[in-house]
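In the working numbering, the protein residues as written are 515 to 665.
Beta carbons: idealized from backbone N, C-alpha and C, even for Gly.
Quick caveat: nothing in here was measured; it's all calculated off a predicted structure.
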Amino acid sequence: MPRPYALKAQAFAHGDLASDPSIPLTLEKQLRPFVRGKVARGSVMRVRTPDDGDAEFEISIEGDGFSVRSSYGGEMADLIYRCAEAANLAILARRIPVTLTSAGQLVHLPEDVIDPVLIESGGELMRLIEHDGIVWKTARMRLVRAIGGQK
């Protein structure tokens, strides 16, 4: 049975929150094949994946990212990952470390971020949410290797 979850994907630059006017268009392009309707509130889209994952994506009109409220299986986690990766966004959620989709995002995070991780798939994102310590360690070591042992 799919588990509900909420998260945010956010742009950062030079240690602060950032925005980019291309982000909403990038996200809409990624989501378009899965949209099942717009919700009455602004830029919120109802999305469904072939494995019956269901979510509401809210794309920030400021161009700084998106938030998602989801009950999902593996394909929804993959879609969330692909959206964050395409728009160069870090993933933030309760009880998981700041999750990067590119090692290059690390230099833009605030200095007080502790032990971020680098994932390569929606499956890894889902396992982080489920508190899989092996995936956390793998994703953390991947980031450390990618940046040459810094931070």
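As assigned by DSSP and simplified to three states, the class of residue i
| i | result |
| --- | --- |
| Asp565 | coil |
| Pro611 | coil |
| Ile573 | strand |
| Val558 | strand |
| Leu657 | helix |
| Asp592 | helix |
| Ala617 | helix |
| Gly662 | coil |
| Pro624 | coil |
| Ala601 | coil |
Rounded separation between residue i and residue j - CA only
| i | j | result |
| --- | --- | --- |
| Asp565 | Leu632 | 25 Å |
| Ala607 | Arg656 | 20 Å |
| Ile661 | Thr613 | 15 Å |
| Lys651 | Leu531 | 26 Å |
| Ser536 | Arg550 | 23 Å |
| Ala525 | Asp646 | 25 Å |
| Ala604 | Tyr595 | 10 Å |
| Arg546 | Ala569 | 13 Å |
| Thr563 | Met590 | 6 Å |
| Leu593 | Asp629 | 24 Å |
| Ile575 | Val658 | 33 Å |
Heavy atom of the ligand SAM within 6 Å of residue i beta-carbon
| i | result |
| --- | --- |
| Arg550 | Among the components of this structure there are no ligands whatsoever, and the ligand SAM is therefore not found. |
Residues that DSSP places opposite residue i in a beta bridge
| i | result |
| --- | --- |
| Ser584 | Tyr519, Ala569 |
| Phe548 | Beta-bridge pairing links Phe548 to no other residue. |
| Leu531 | Phe526 |
| Val631 | Thr613 |
| Leu606 | Lys522 |
| Gly579 | Gln524 |
Nearest-angstrom beta carbon gap, residue j and residue i [assumed within contact, 8 Å]
| i | j | result |
| --- | --- | --- |
| Gly637 | Gly588 | 6 Å |
| Tyr519 | Ile648 | Wrong, their Cβ atoms sit about 20 Å apart, outside the cutoff. |
Is the number of C-beta pairs between the stretch 574-588 and the stretch 617-628 that are closer than 8 Å three or more? no
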